[in-house]
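Chains as they are written, first to last, in the working numbering: chain A, 2 to 316; chain B, 39 to 343. Have a look at the structure below, then the notes.
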Amino acid sequence: MSSRTNVSCLHEAKRVAIFGGTHGNEMSGITLVNMWKQNSAEIERNGLLIKPFISNPKAVKKCTRYIDTDLNRAFTPENLSAPDVEGLLYEVQRAKEINRMFGPKGSSDAYDVIFDLHNTTSNMGSTLILESSTDLFNLQMVHYIKKAMAPHTCSVLLNEHPQLKYSTTRSVAKHPIGLEVGPQPQGVLRSNVFESMRTILKHALDFIEFFNSGVEFPPCTVDVFRVQERMDYPRDTNGNITAMVHPHLQDCDWEPLNRGDPMFLTFDGRTILYEGANTVYPTFINEAAYYEKQQAFTTTCREILSANAIRKAFK
Amino acid sequence: EEPVVAMPTVSRVAVCGGTHGNELAGIYLVREMLKKRADGTEPVSVVTVMSNPRAAQLCVRYVETDLNRCFTRAALSAPVSETSPYEMIRSQELNALLGPKASAQAVDLLCDLHNTTANTGLCLITYSDRDWICLHICKHLQFPYMLDICYAKAYLCPTSVSISMEIGPQPHGVVRSVIFSAMQEGVQLMMDWICQFNSGTLFEGGWVDVYTMVKNIDYPRDSETHVITAAVHPNLQDRDFCLLHPGDPMFLCFSGETLRYRGKEALYPFFINEGAYYEKGVALSLARKRRVQIPSQHTLGLLDY
Numbered sequence: 002m003s004s005r006t007n008v009s010c011l012h013e014a015k016r017v018a019i020f021g022g023t024h025g026n027e028m029s030g031i032t033l034v035n036m037w038k039q040n041s042a043e044i045e046r047n048g049l050l051i052k053p054f055i056s057n058p059k060a061v062k063k064c065t066r067y068i069d070t071d072l073n074r075a076f077t078p079e080n081l082s083a084p085d086v087e088g089l090l091y092e093v094q095r096a097k098e099i100n101r102m103f104g105p106k107g108s109s110d111a112y113d114v115i116f117d118l119h120n121t122t123s124n125m126g127s128t129l130i131l132e133s134s135t136d137l138f139n140l141q142m143v144h145y146i147k148k149a150m151a152p153h154t155c156s157v158l159l160n161e162h163p164q165l166k167y168s169t170t171r172s173v174a175k176h177p178i179g180l181e182v183g184p185q186p187q188g189v190l191r192s193n194v195f196e197s198m199r200t201i202l203k204h205a206l207d208f209i210e211f212f213n214s215g216v217e218f219p220p221c222t223v224d225v226f227r228v229q230e231r232m233d234y235p236r237d238t239n240g241n242i243t244a245m246v247h248p249h250l251q252d253c254d255w256e257p258l259n260r261g262d263p264m265f266l267t268f269d270g271r272t273i274l275y276e277g278a279n280t281v282y283p284t285f286i287n288e289a290a291y292y293e294k295q296q297a298f299t300t301t302c303r304e305i306l307s308a309n310a311i312r313k314a315f316k
Numbered sequence: 039e040e041p042v043v044a045m046p047t048v049s050r051v052a053v054c055g056g057t058h059g060n061e062l063a064g065i066y067l068v069r070e071m072l073k074k075r076a077d078g079t080e081p082v083s084v085v086t087v088m089s090n091p092r093a094a095q096l097c098v099r100y101v102e103t104d105l106n107r108c109f110t111r112a113a114l115s116a117p118v119s120e121t122s123p124y125e126m127i128r129s130q131e132l133n134a135l136l137g138p139k140a141s142a143q144a145v146d147l148l149c150d151l152h153n154t155t156a157n158t159g160l161c162l163i164t165y166s167d168r169d170w171i172c173l174h175i176c177k178h179l180q181f182p183y184m185l186d187i188c189y190a191k192a193y194l195c196p197t198s199v200s201i202s203m204e205i206g207p208q209p210h211g212v213v214r215s216v217i218f219s220a221m222q223e224g225v226q227l228m229m230d231w232i233c234q235f236n237s238g239t240l241f242e243g244g245w246v247d248v249y250t251m252v253k254n255i256d257y258p259r260d261s262e263t264h265v266i267t268a269a270v271h272p273n274l275q276d277r278d279f280c281l282l283h284p285g286d287p288m289f290l291c292f293s294g295e296t297l298r299y300r301g302k303e304a305l306y307p308f309f310i311n312e313g314a315y316y317e318k319g320v321a322l323s324l325a326r327k328r329r330v331q332i333p334s335q336h337t338l339g340l341l342d343y
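So, in structure tokens, the structure goes:
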């Protein structure tokens, strides 16, 4: 006698936001959101409220990552509860505003889904970023997107690391998803990167529409890369970098890095090898914005996450 | 018999990095060069300069205005005060440091190091197509992906002989080791040529393919908001110095429409999708290629004229 598998019944996802310009020089998201603010036909779906939104307009205007501080690190409990006083950093003010409009973070009034659109100078291709390994809705959505995008690869990065996890703009929503597409220089719009991001969002919105209409999604598994460790550049006593990402590692995001593999090349031509005991899968290799965050690349390990079947809960 | 041109030795050379503070290969190369103390045995005297230190510190192209547009005659002779834009003050400082009027320190050749987000490979930019030294250096560096461009603008070139060494693709704010190595090798080859030249070597004449800019092409823009409405077409992206024919795709509009090159003459595109040029209204530049004959050349010898 076969038993019915567990189906998780989840709330309808009625309110969805698409954030561009969390970093003011990451052009795909900025261009998409501005385009959809002017004409939203492409992103409209039955029964869904979809809000395209420029998260950091001052930074977008200057085509710079941020004005005072990185908005995508600003959604900490301290910042969100900071009193409204003069002299607050621009991005802290903005975080509070965004929390009011799309949150409050952690409450039942928060938006159901926020897609936060990013670009990277790293060769990560199309990447979906998750913050939780147990968010069934997100796991099923990511599975749907990956299948729909095939044979184009979508990698999934999971940042659930207790110390390395950070308070993202999208974390205001119940189901936050980061879209990271590269490689693309800051301030540049590449057609192929733009169109990839556009297509990912199309599939994501299709999924939400299907889910809301009552479609049941069977159990699935998702291959993910789980964040392990940040690796900085070698630096001198003044804090200046003394080596570059090695040519053998450059552009090899998601490929295995084994003990003894070249990792850095000093300016005077010496190779520094990776000494870690285990094979890791580096990502965010040579991201421009991470020089100041002391991050040459991030190591990940591969994992397979499982998700129950899901369907919309009946009222 | 072809004429042989005799020229004065190239006694003092300036290598400048960080004219744009986020073009990192030149910045790191200049930092490395500055670490090596001159011991007086170098065959050529080299002064190494960080052109825009404030912008380099902040890792931005410029602080107030583009330094590489502050070397016009008007900009260099304009009165400056404490309230003048930083780069206007700096260009006058650099001109005093490196220019021909500062007699004790005047340099004979200046090499300005740049990076671009465009897929240009290594290209050398000279400011005159009769600049035989620059063209001989171009010929000396001539490997498959190395090309020359002639510009007729007043960029950082206060000295009589100026070369910009532009290497791409590299995102701004990033140093790619392959790009750094190419720049290091390019500078080394240039110095090798200068040393050989100064010691009396005769360099055979020949020809050099030179690209001369014809025009810039802007992105298609919305007539009211001026916002761009298309991206460089995937068929054109990364195809710097590949001949663009009338009818070839140029832009892919967000609406899905393809816009094609409508010019009558096939031209060579370069600086395709350079990040810093969006604000200058340039999606790509187009150039004509021609072959320039260069004469055999050697130094006049130890006499400086």
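All C-beta atoms, glycine included, are put in the ideal place defined by N, C-alpha and C.
If you look at arginine 329 of chain B, you'll find it in the beta strand (DSSP E) that goes 322-332. Assigned with DSSP and collapsed to three states, phenylalanine 268 of chain A falls in coil, not helix or strand.
Counting C-beta atoms within 10 angstroms of its own C-beta, leucine 338 of chain B has fewer than 16 neighbours from the protein chains shown and is therefore classed as exposed.
The three-state reading of DSSP puts phenylalanine 54 of chain A in strand, counting E and B together. The segment 74-89 of chain B and the segment 270-286 of chain A do not touch, with fewer than 3 CB-CB distances between them shorter than 8 Å.
In this structure, the straight-line span from the alpha carbon of asparagine 80 of chain A to that of glutamine 296 of chain A is close to 24 Å.
Taking a Cβ-Cβ cut-off of 7 Å, the neighbours of valine 189 of chain A in chain B comprise Thr155, Asn311, Gly313, given in sequence order. When secondary structure is reduced to three states using DSSP, glycine 206 of chain B falls in the strand class. Between aspartate 252 of chain A and the set A/Thr122, A/Ile146, A/Asp71, the nearest pair of CA atoms involves A/Thr122. Annotation: leucine 151 of chain B has no Cβ neighbours in chain A at a cutoff of 8 Å; minimum Cβ distance is about 14 Å.
Closest option to alanine 134 of chain B, judged by alpha-carbon separation, among B/Leu114, B/Ile266, B/Glu120, B/Tyr315: B/Leu114.
Per DSSP, the beta bridge partners of tyrosine 282 of chain A are A/Thr301.
Counting only the Cα atoms, histidine 210 of chain B lies some 7 Å from threonine 154 of chain B. In the three-state scheme derived from DSSP, where H, G and I count as helix and E and B as strand, isoleucine 68 of chain A is classed as coil.
Beta-bridge pairing by DSSP links aspartate 254 of chain A to no other residue. Counted as a single uninterrupted DSSP element, the alpha helix (DSSP H) harbouring serine 219 of chain B occupies residues 215-236. For leucine 11 of chain A, there is no enclosing alpha helix (DSSP H); the enclosing beta strand (DSSP E) covers residues 8-11.
Note: glutamine 335 of chain B is bridge-paired with B/Val43, B/Phe241 in the DSSP secondary-structure output. From the beta-carbon of methionine 198 of chain A, no residue of chain B is found nearer than 7 Å; the closest lies around 12 Å away. Going by C-alpha positions, glutamine 331 of chain B is about 19 Å away from serine 200 of chain B. Going by DSSP, proline 78 of chain A is part of the alpha helix (DSSP H) stretching over 78-81. Residue pairing for threonine 238 of chain A: DSSP places it in no beta bridge. Using beta-carbon distances, methionine 36 of chain A counts as an interface residue toward chain B, with a partner under 7 Å. A check of alpha carbon separations from threonine 169 of chain A across A/Ala75, A/Arg101, A/Gln185, A/Arg66 identifies A/Ala75 as the nearest.
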